[in-house]
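K.L.:
Numbering-wise (my numbering), the sequence shown opens with residue 621 and increments by one. Cβ coordinates follow ideal geometry from the N, Cα and C atoms, glycine included. These figures come from a predicted structure and were not determined experimentally.
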Amino acid sequence: MSPYRNPRVVLLVSLTLLALVGVWQPWRGLSFELRGITTGLDLAGGSRVVVRLDVTSVEVRFRAPFDPNFTAVSELRDHLADELLSDVKVLAVNQSTRTAKFEIGKPVEEDLLRRLVENFGEILSISREEASSSTMDEVISTLMNRIDPAGLLGVSARPTGTNLLLFEIPAMEPEQAKLLIEKEGKLEAFIENSLILRGSDIEIIYSVRITYLPERRLYRYELPLRISKEGAKRFAEASAGKARYPFAIYLDRPADALLIFDPSLRNQLAGEVRYPRVVDYSEERRQFYARISDYYGFYLLVSAIPIDPRGPSENEVALLQECRKSTSRAILLGDNLTFSEQTIRLIENIFENRVEFLPRGTLDISEWIFKACGLQSAPEISEGIAGKEEREVEITGTRASESEAAREADELKTVLSQRLTAKTTIASTTYIPPRLGAEFAEEIKRAALAAVFAIACMIYMRYRDLGIVLPILATMGCELILTIGAASAVRQTIGLAEIGGLLAVIGTGVEQQLIITDEVLRGEVREYRARGVRERVSRAFTIILTAALTTMAAMFMLLFIGFGAMKGFAIITILGVLIAVLITRPAYGEIINAILSWRLKRTGRE
């Protein structure tokens, strides 16, 4: 059979062309750039993000001795968790001194803590500068899964200091990295200001649905969730008799923050007509009020006050200082152009530099305020589910384009499925330039060409036959393209370690092709018939398969026990060996068999 019709050769050529198209992606423009490959920090740079864990550690001396089950410790832990709406851990218990140390996953003011603890005992010490090692490990693990769920990007993370974590993320812009990291994933759902659901009530997150709303010219995303039986029971009790009431769902509600806005913002609220929208501000409650229809609405559960952006009055300064007692940071609705330098300095002094800006950008007024408050959606409680133990709920939202809606829904799903146990703040984000730069890429190209030339010369000196040299080089090229294509398909980042894996794949590939060739060419060609050539190819495959299994066994061990660069090296090597055994070696065997069989027939005719 002609090698051009042989199924194994056809498979090799077809998959090579497919891999080449996938790596090159010519539909994105004709150039020599390989756009399907994600390169690592060494070649493409990336982001360095420092994350601060904002936790509060408190040591409490209890009034009464502990019972054998330490009931008082568990009760105080649950009490703090319920009142502060945060994760609380018990770090240490000393029965002889009646003391216990707790870690709260958010910053808490000392006055508030003392009021919460006074019925149990007295506070001995409070610390906000140190996170426990278990919390740091949990946050690292959660964020690593959020950023790089498959473990293929080569992300590295490590603690630095007592409450700081350092992440280095290849081929990702700092802003994108910041969006993924800074969200806690803390879900809260309210009916009439009563907390009904938390993130811990989520059991299953289903697939995202995107629909187009032609009347509004917007795309709506729906993220269905299944909640626990306990959560469904609380929903039924709270929603009884409240059909058409809003079910307000928040993600990372800044309950510890004070929103500060320009008083003129209130005059702009009347300009919007679609629901849900913010319609008013309550000075008594210090909260915005939103409606989902002409009859039903809800208060946004984040403290907010208007301040003259040019310079606060004495009454406004007093109000800021009063609000500081119950909040730990400030969020300014606007930027440094909205608020004067004097106003910003004053707020920074009151809040000890814990001040953030939230520019409006292209958002509507209501969308801007909803974003500041962490409101994700406020669906109406339908008559069919009011008062019932409904376990299927949805988080919804609308965006101008389908891609924006899909991206936001996917990010929301990722954040909810990887909830953090501690409040995090981005301390700094910086761009990491490529360590090796564009010059190194050019050097790699020159080295690759030199290596191919050297291999070609070595093979030619060994066999003195271009009919053997060219198939070996062609198969080697196909194997390299297939391995890179497979790495691109599984989204494996290509860095120095992965380049080392590619070199190992090429080296073993050429070696195995030489084994096949030597086995076939042992003795004089004219001594064999076509069937004898095929038998020798099969015998060579036994040797190759044994060597391949040994290599894969070693690489699988490295894959499971290794991390970072070692993992990337193992993945590339395993992919290369699998491609060699399943695709390129059988095809090369058919090619060399066809060449030598043709020569035998030709010799016989002569």
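1) Consult DSSP for V675 and reduce its assignment to one of helix, strand or coil.
2) Judging by CA-CA distance, which residue of T1018, S814, Y826 is the nearest neighbour of Y839?
3) Can you give me the C-alpha to C-alpha distance between V633 and N626, rounded to a whole angstrom?
4) Please check the pair C943 and L878, which I expect to be a contact at CB under 8 angstroms, by giving their CB distance rounded to whole angstroms.
5) How far does the alpha helix (DSSP H) with G1105 in it extend, from its first residue to its last?
6) Among residues of its own chain, excluding the 5 on either side of Y1148, which ones have a beta-carbon nearer than 6 angstroms to its beta-carbon?
7) Run through the segment 1186-1222 for me and flag every whole beta strand (DSSP E) of 3 or more residues, listed as ranges in chain order.
8) By DSSP, does V728 sit in helix, in strand, or in coil?
9) Cβ atoms of R829 and E850: under 9 angstroms apart, would you say?
10) From V848 to I825, what distance separates their C-alpha atoms?
11) Taking 8 angstroms as the cut-off, does the segment 799-806 touch the segment 1006-1024 (at least 3 CB pairs, one atom from each stretch)?
12) I think Q907 touches A924, with their Cβ atoms under 8 angstroms apart; what is that distance to the nearest whole Å?
13) Using DSSP bridges, identify the partner residues of V669.
14) Take I657 and list the residues in its own chain whose beta-carbon comes closer than 8 angstroms to its own, dropping the five residues that flank it on each side.
15) Which same chain residues, not among the five before or five after L865, have their C-beta less than 6 angstroms away from its C-beta?
16) Nearest chain B C-beta to T1162 closer than 9 angstroms, yes or no?
17) Per DSSP, which residues does E808 bridge with? Please list them.
18) What is the rounded straight-line gap between the Cα of N783 and the Cα of A809?
19) Roughly how many whole angstroms lie between the Cα atoms of A797 and Q996?
20) Return the bridge partner residues of F1176 from the DSSP annotation.
21) Where does Y865 fall in DSSP's three states?
22) In terms of residues, what are the limits of the alpha helix (DSSP H) holding E1118?
23) How about the segment 669-683 and the segment 703-722: do they share at least three Cβ pairs that are nearer than 8 angstroms?
24) Could you work out which residue in I1088, Y919, E1063, L744 is closest to I989 when comparing CA atoms only?
25) Start and end of the beta strand (DSSP E) containing I830?
26) Just to confirm, are I1227 and F959 a CB contact at a threshold of 9 angstroms?
27) Using only CA atoms, which one of R1066, L1093, A1067, L1069 lies nearest to I1079?
28) Using three-state DSSP, classify T1113 as helix, strand or coil.
29) Do the CB positions of I1064 and I1101 come within less than 9 angstroms of each other?
30) Among all the DSSP beta bridges, which residues are the ones paired with F682?
31) Where do the ends of the alpha helix (DSSP H) carrying K803 lie?
32) Tell me whether the segment 750-768 and the segment 970-988 touch, counting them as touching only if at least three CB pairs, one residue from each stretch, are closer than 8 angstroms.
33) Quick check on DSSP: helix, strand or coil for S913?
34) For the pair the segment 1156-1172 and the segment 1115-1135, tell me if three or more CB-CB distances fall below 8 angstroms.
35) Taking all protein chains shown into account, do 16 or more other C-beta atoms lie within 10 angstroms of the C-beta of A1029, making it buried, or fewer, making it exposed?
36) Sort T1044, I1212, L1086 by Cα distance to S1158 and report the nearest one.
P.N.:
Based on what the coordinates show:
1) If DSSP states are grouped into helix, strand and coil, V675 belongs with coil.
2) T1018
3) 11 angstroms
4) 5 angstroms
5) 1086-1109
6) Reliability of the predicted coordinates at Y1148 is poor, the pLDDT of 44 falling under 50, and no value is obtained from them.
7) DSSP runs (the beta strand (DSSP E)) wholly in the segment 1186-1222: none.
8) coil
9) No.
10) Here residue 848 turns out to be Ser, not Val, going by the sequence shown. Their Cα atoms are separated by approximately 12 angstroms.
11) no
12) 6 angstroms
13) Answer is F787, T1049, bridged to V669.
14) V643, I1104, A1107, S1108, I1114
15) Correcting the residue type first, residue 865 is Tyr in the shown sequence and not Leu. Y916, I1001.
16) The structure shown contains no chain B, having only a single protein chain.
17) R818, Y870
18) Taking the straight line from one Cα to the other gives about 30 angstroms.
19) 21 angstroms
20) None; F1176 has no bridge partner.
21) Y865 falls in the coil class under three-state DSSP.
22) Taken as a continuous stretch (DSSP letters only), the alpha helix (DSSP H) holding E1118 covers 1116-1140.
23) yes
24) Looking at I1088, Y919, E1063, L744, the one whose alpha-carbon comes closest to that of I989 is Y919.
25) 829-833
26) As shown, the chain starts at 621 and ends at 1226. That puts residue 1227 outside it, with no answer to give.
27) Nearest neighbour of I1079 by Cα position, chosen from R1066, L1093, A1067, L1069, turns out to be L1093.
28) Coil at T1113, not helix or strand.
29) no
30) G741
31) From DSSP, K803 is part of no alpha helix (DSSP H); its letter is neither H nor E.
32) No: fewer than three Cβ pairs fall under 8 angstroms.
33) coil
34) yes
35) buried
36) I1212
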